[in-house]
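A short worksheet on the structure shown next.
Number of protein chains: 2
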Amino acid sequence: MSRPADEFDFIARHFRALAGPGALGLADDAAVFDPPPGRSVVVCADALVSGVHFLPGDPADTVAAKLLRVNLSDLAAMGADPFGYLLTVSVPPDLPPDWFTGFSAGLAADQDCYDVRLLGGDTTATAGPLVLSLTMLGHVAPGRALRRNGAHAGDSVWVTGTIGDGTLGLACLQGELDDSSGYLVDRYRLPQPRLGLPLAGIAEAAIDVSDGLVQDLGHLCRESGVAARIEAAAVPASAAARAAGPSWLQRRLTGGDDYELLLSVPAGREAALRRAAADAGIAVTRIGGMEAGEGVTVLDEAGQAMAIRRPGWSHF
Amino acid sequence: MSRPADEFDFIARHFRALAGPGALGLADDAAVFDPPPGRSVVVCADALVSGVHFLPGDPADTVAAKLLRVNLSDLAAMGADPFGYLLTVSVPPDLPPDWFTGFSAGLAADQDCYDVRLLGGDTTATAGPLVLSLTMLGHVAPGRALRRNGAHAGDSVWVTGTIGDGTLGLACLQGELDDSSGYLVDRYRLPQPRLGLPLAGIAEAAIDVSDGLVQDLGHLCRESGVAARIEAAAVPASAAARAAGPSWLQRRLTGGDDYELLLSVPAGREAALRRAAADAGIAVTRIGGMEAGEGVTVLDEAGQAMAIRRPGWSHF
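If you're matching them up, the sequences are chains A and B in order. Position 74, counted from 1, in the first sequence is what my numbering calls 74; the numbers after and before it change by one each time, with no gaps. Here my numbering runs 1000 ahead of the position in the second sequence, where the first position is 1.
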């Protein structure tokens, strides 16, 4: 793996076809691009590590898709539109040589799906597990980026899609839960970034649910200086998640990998949210409200505060 | 290391003070910024892996500085001005808890030196060696980014600074070479990105010398469709590198970690380059020229083509 031509060949073989305008064919020291006129640039970075964020046996194309999508989900939470991305890969010596063939195919499919292109990056060796770091660039109308700090007491709290499928999918892969349909594993491997929901002027604050509903709602509360009260029974569950039974409720509320949006919506804008969501084909569900104070309270079906054993996932 | 608050506390302790305008206090899903009016955005990403790009015992503040500077060097090679950066860190369990105190201090010092600020990023665990990935954002006048593909036969070939100190510094750290002054080790650990040299209208093509002079000159030739002929004796060496003796010549020409600029300059612009370099306080040296054909020829003092055993370093 130390012949000088290898790195160049590796990039040419797996990544050059993914390069978009501004990437300069991945042949230069940096990419150059112009954001659309009158738009602010939005940028985020998330890394996936083998054995931490995905399992070593996960298909390479779904790992690629997840890497793109977790970053697209961050842009969706800011109300931004994606443009392109940079990728750094740190590759262990024992990875099968054709692993990146599948990885590249997964990127190619999602590039078309989400209209983004590769802009640049870096390829390095590592003695340890595969590390994939992606920086996503997008754009937003100036001053219209959705923040975590905009929620107010009296807002209602909403989520897109269903909550808990990702963490139950991981439980299936780890042999703790059975899901013959494959639905939950699919949700773990292929999150759906909720781009395309025009939230400006509707939501006051947003975050994507990546590390567990209760923990991420807690982040939004802390940044906004409010408390949240949600009803466990109102948190939307897929049919597969419901079939897992009530013993999985805590994990559904606190597990990671949902990549749904959590929104704080002022009174009077709920109908606008429902219309926008219907137009975008994205389900939205009201799960509670914001109030004065701090922290997150989850009510059970008897209206009692649930004891949350661990509010979410820390990657560190 | 798995308490949910750890990641949040880690970011607050080590990184929040580094955040600049647009980073939103590192509290949101993404950063938002506006490039200066009328400028194109330039973006690059380079990762450093412990045991590959730095030694596990290297001081944390110099690792931080090197991570920033190798990316700043890429912007310098494009003729761009830096703005800010995103950082993803993948941290092994055995790293001493205070390692990031020194790392953060190194970033802070260089942020002031190069006028860049932290915009965002991600913190993850890994079972393997420390992986640090940085994405640098900058800006350039539209259409004025320096490319690798602009060289022509008849251009002269120039380098900034001195060549080979970085790889000789690594040899010192590995016990292969003695350098009591510490100059070479310092050059390995703390490259000097050659920002501030106004190359637009002077150089036709540029690359930063990161993987070895001969190999990087080869990249520039290949992208431009030309050949290069350089004289080994003309390649500038520091006093410490000269003191190592002639047996290190091959390594100086082909080792990595110089982070100097390699420039292709058309006839008639040499004086402009010398003036610009003098104004910026950066040494520039003519080492050869471009001609029709392909590949890189290195002439020895007798005017004979040297056999280059390995043109440069591949990280992969």
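Glycine residues also receive a C-beta, built at the ideal position from the N, C-alpha and C atoms. Model, not experiment: these values are computed from the prediction.
Give me whichever residues DSSP pairs with residue i in a beta bridge.
{"i": "B:Leu1137", "result": "B:Val1043, B:Gly1084"}
{"i": "B:Ser1090", "result": "B:Thr1124, B:Val1131"}
{"i": "A:Ile308", "result": "For A:Ile308, which the question treats as bridged, DSSP gives no partner whatsoever."}
{"i": "B:Phe1054", "result": "B:Ser1050"}
{"i": "B:Val1070", "result": "Answer is none; B:Val1070 lacks a bridge partner."}
{"i": "A:Ser264", "result": "A:Val157, A:Ala205"}
{"i": "B:Met1290", "result": "B:Ala1228"}
{"i": "A:Ala31", "result": "B:Val1043"}
{"i": "B:Ala1019", "result": "B:Leu1118"}
{"i": "B:Gly1285", "result": "For the record, residue 1285 of chain B in the displayed sequence is Thr; it is not Gly. Beta-bridge pairing links B:Thr1285 to B:Val1159."}
{"i": "A:Leu299", "result": "A:Glu231, A:Ala305"}
Select from the options the residue whose C-alpha is nearest the C-alpha of residue i.
{"i": "A:Ile282", "options": "A:Gly161, A:Gly295, A:Arg16", "result": "A:Gly161"}
{"i": "B:Pro1236", "options": "B:Ala1271, B:Gly1164, B:Ala1292", "result": "B:Gly1164"}
{"i": "B:Leu1146", "options": "B:Ala1077, B:Gly1312, B:Val1049", "result": "B:Ala1077"}
{"i": "B:Ala999", "options": "B:Ala1027, B:Gly1166, B:Asp1061, B:Leu1262", "result": "In this structure chain B extends from 1001 to 1316, so residue 999 of chain B is not present and cannot be described."}
{"i": "A:Thr319", "options": "A:Ala19, A:Thr297, A:Ala305, A:Glu260", "result": "Residue numbering for chain A in the displayed model covers 1 to 316; residue 319 of chain A lies beyond these limits and cannot be assessed."}
{"i": "B:Tyr1183", "options": "B:Arg1229, B:Ala1244, B:His1139, B:Ala1227", "result": "B:Ala1244"}
{"i": "A:Leu86", "options": "B:Met1290, B:Leu1134, B:Asp1009, B:Val1140", "result": "B:Leu1134"}
{"i": "B:Phe1010", "options": "B:Glu1270, B:Ala1151, B:Asp1098, B:Ser1210", "result": "B:Asp1098"}
{"i": "B:Gly1268", "options": "B:Ala1302, B:Asp1155, B:Arg1242", "result": "B:Asp1155"}
{"i": "B:Pro1082", "options": "B:Arg1117, B:Ser1224, B:Val1226", "result": "B:Arg1117"}
{"i": "A:Pro142", "options": "A:Gly38, A:Ser224, A:Ser210", "result": "A:Gly38"}
{"i": "B:Asp1208", "options": "B:Cys1172, B:Gly1201, B:Ala1080", "result": "B:Ala1080"}
{"i": "A:Arg222", "options": "A:Val265, A:Val185, A:Leu249, A:Ala151", "result": "A:Ala151"}
{"i": "A:Cys113", "options": "A:Ser180, A:Leu195, A:Val52, A:Gly57", "result": "A:Leu195"}
{"i": "A:Arg189", "options": "A:Gly57, A:Ile230, A:Glu7", "result": "A:Gly57"}
{"i": "B:Arg1197", "options": "B:Ala1278, B:Arg1242, B:Leu1249, B:Gly1255", "result": "Correcting the residue identity first, residue 1197 of chain B is Leu in this sequence and not Arg. Nearest of B:Ala1278, B:Arg1242, B:Leu1249, B:Gly1255 to B:Leu1197, Cα basis: B:Ala1278."}
{"i": "B:Ile1308", "options": "B:Gly1212, B:Glu1291, B:Asp1257, B:Leu1220", "result": "B:Gly1212"}
{"i": "A:Ala305", "options": "A:Ala271, A:Gln250, A:Glu270, A:Arg275", "result": "A:Gln250"}
{"i": "A:Gly138", "options": "A:Glu7, A:Asp300, A:Val298, A:Ala45", "result": "A:Ala45"}
{"i": "B:Met1246", "options": "B:Asp1300, B:Ala1271, B:Pro1266", "result": "The residue you asked about is not Met; residue 1246 of chain B is Pro in the sequence shown. Here the closest residue by C-alpha is B:Asp1300."}
{"i": "A:Arg310", "options": "A:Gly303, A:Ala302, A:Val296", "result": "A:Val296"}
{"i": "B:His1053", "options": "B:Asp1110, B:Gly1256, B:Leu1072, B:His1219", "result": "B:Gly1256"}
{"i": "A:Asp110", "options": "A:Val185, A:Arg274, A:Leu72, A:Ala271", "result": "A:Leu72"}
{"i": "A:Asp74", "options": "B:Asp1029, B:Asp1061, B:Gly1020", "result": "B:Asp1029"}
{"i": "A:Phe100", "options": "A:Gly84, A:Ala65, A:Gly128", "result": "A:Ala65"}
{"i": "A:Thr126", "options": "A:Pro93, A:Met136, A:Arg274", "result": "A:Pro93"}
{"i": "B:Val1043", "options": "A:His14, A:Gly22, A:Leu199, A:Thr62", "result": "A:Gly22"}
{"i": "A:Gly201", "options": "A:Pro266, A:Leu24, A:Asp6", "result": "A:Pro266"}
{"i": "A:Gln192", "options": "A:Gly166, A:Val298, A:Asp6, A:Gly51", "result": "A:Gly166"}
{"i": "B:Ala1234", "options": "B:Val1298, B:Leu1199, B:Glu1007", "result": "B:Val1298"}
{"i": "B:Gly1020", "options": "B:Val1185, B:Asp1115, B:Val1063", "result": "B:Asp1115"}
{"i": "A:Ala153", "options": "A:Ser224, A:Leu199, A:Met136", "result": "A:Ser224"}
Would you grab the beta carbon distance between residue i and residue j for me? Rounded to a whole angstrom, and I think it's under 8 Å.
{"i": "A:Ala47", "j": "A:Gly120", "result": "That belief does not hold up - the Cβ atoms of A:Ala47 and A:Gly120 are roughly 16 Å apart, past 8 Å."}
{"i": "B:Leu1253", "j": "B:Trp1158", "result": "Not confirmed; about 16 Å, so no contact."}
{"i": "A:Leu130", "j": "A:Leu107", "result": "At roughly 15 Å, the Cβ-Cβ gap does not stay under 8 Å, so A:Leu130 and A:Leu107 are not in contact."}
{"i": "A:Leu18", "j": "A:Ser104", "result": "7 Å"}
{"i": "B:Asp1216", "j": "B:Gly1102", "result": "Not quite, the Cβ-Cβ distance comes to about 31 Å (not below 8 Å), so this is no contact."}
{"i": "B:Gly1293", "j": "B:Ala1206", "result": "Not confirmed; about 21 Å, so no contact."}
{"i": "A:Gly288", "j": "A:Glu231", "result": "6 Å"}
{"i": "A:Ser210", "j": "A:Asp258", "result": "7 Å"}
{"i": "A:Leu49", "j": "B:Thr1124", "result": "Sequence check: residue 49 of chain A is Val here, not Leu. That pair is a contact at about 5 Å."}
{"i": "B:Val1041", "j": "A:Asp34", "result": "7 Å"}
{"i": "A:Asp179", "j": "A:Ala240", "result": "6 Å"}
{"i": "A:Arg229", "j": "A:Glu291", "result": "6 Å"}
{"i": "B:Leu1173", "j": "B:Leu1055", "result": "6 Å"}
{"i": "A:Arg148", "j": "A:His219", "result": "6 Å"}
{"i": "A:Arg187", "j": "A:Gly169", "result": "5 Å"}
{"i": "A:Gly175", "j": "B:Gly1128", "result": "Rounded, the Cβ-Cβ distance is 25 Å, inconsistent with contact."}
{"i": "B:Thr1088", "j": "B:Asp1061", "result": "B:Thr1088 to B:Asp1061, Cβ: 19 Å. No contact."}
Using a Cβ-based criterion (distance less than 7 Å to any ligand heavy atom), does residue i qualify as near the ligand SAH?
{"i": "B:His1053", "result": "The ligand SAH is absent from the structure shown, which contains no ligands of any kind."}
What are the start and end residues of each continuous alpha helix (DSSP H) run of 4 or more residues lying completely inside the segment 168-221 of chain A, in chain order?
If only uninterrupted alpha helix (DSSP H) runs of at least 4 residues are considered, those enclosed by the segment 168-221 of chain A are 183-189.
Got a sec: which bits of the segment 30-47 of chain A sit with their beta carbon under 8 Å from any beta carbon on chain B, in order along the chain?
Flagged, chain order: Ala30, Ala31, Val32, Phe33, Asp34, Pro35, Ser40, Val41, Val42, Val43, Cys44, Ala45, Asp46, Ala47.
Short of 8 Å Cβ to Cβ, which residues in the segment 1117-1134 of chain B face chain A?
Taking 8 Å as the Cβ-Cβ cut-off, the segment 1117-1134 of chain B approaches chain A at Leu1119, Gly1120, Gly1121, Asp1122, Thr1123, Thr1124, Ala1125, Thr1126, Ala1127, Gly1128, Pro1129, Val1131, Ser1133, given in chain order.
Short of 7 Å Cβ to Cβ, which residues in the segment 1061-1079 of chain B face chain A?
Within the segment 1061-1079 of chain B, the qualifying residues are Asp1074, Leu1075, Ala1077, Met1078.
Report the residues of the segment 259-275 of chain A with a CB closer than 8 Å to any CB of chain B, ordered along the chain.
For the segment 259-275 of chain A, which is checked against every Cβ of chain B, not one residue is closer than 8 Å.
For the segment 1202-1219 of chain B, enumerate the residues whose C-beta is nearer than 7 Å to any C-beta of chain A, in chain order.
Listed by position, the residues of the segment 1202-1219 of chain B near chain A (Cβ gap below 7 Å) are Ile1207, Asp1208, Gln1215.
Counting only Cβ-Cβ distances shorter than 9 Å, please list the residues of the segment 1219-1241 of chain B near chain A, keeping chain order.
From the segment 1219-1241 of chain B, only His1219, Arg1222, Glu1223 have a Cβ closer than 9 Å to chain A.
Closer than 8 Å, Cβ to Cβ, to anything on chain B: give me those residues from the segment 91-106 of chain A, in chain order.
Those residues of the segment 91-106 of chain A placed with their C-beta closer than 8 Å to a C-beta in chain B are Val91, Pro92, ordered along the chain.
Select from the segment 5-30 of chain A all residues with a C-beta closer than 7 Å to any C-beta belonging to chain B, and list them in chain order.
Those would be Asp6, Glu7, Phe10, Leu24, Ala27, Asp28, Asp29, Ala30, in chain order.
Taking a Cβ distance cut-off of 8 Å, strictly less, list which residues of the segment 1143-1167 of chain B are near chain A, in chain order.
Taking 8 Å as the Cβ-Cβ cut-off against chain A, the residues of the segment 1143-1167 of chain B that qualify are Ala1145, Arg1147, Arg1148, Asn1149.
Which residues, in chain order, does the segment 167-192 of chain A contribute to contact with chain B at a C-beta distance below 9 Å?
Listed in sequence order: no entries.
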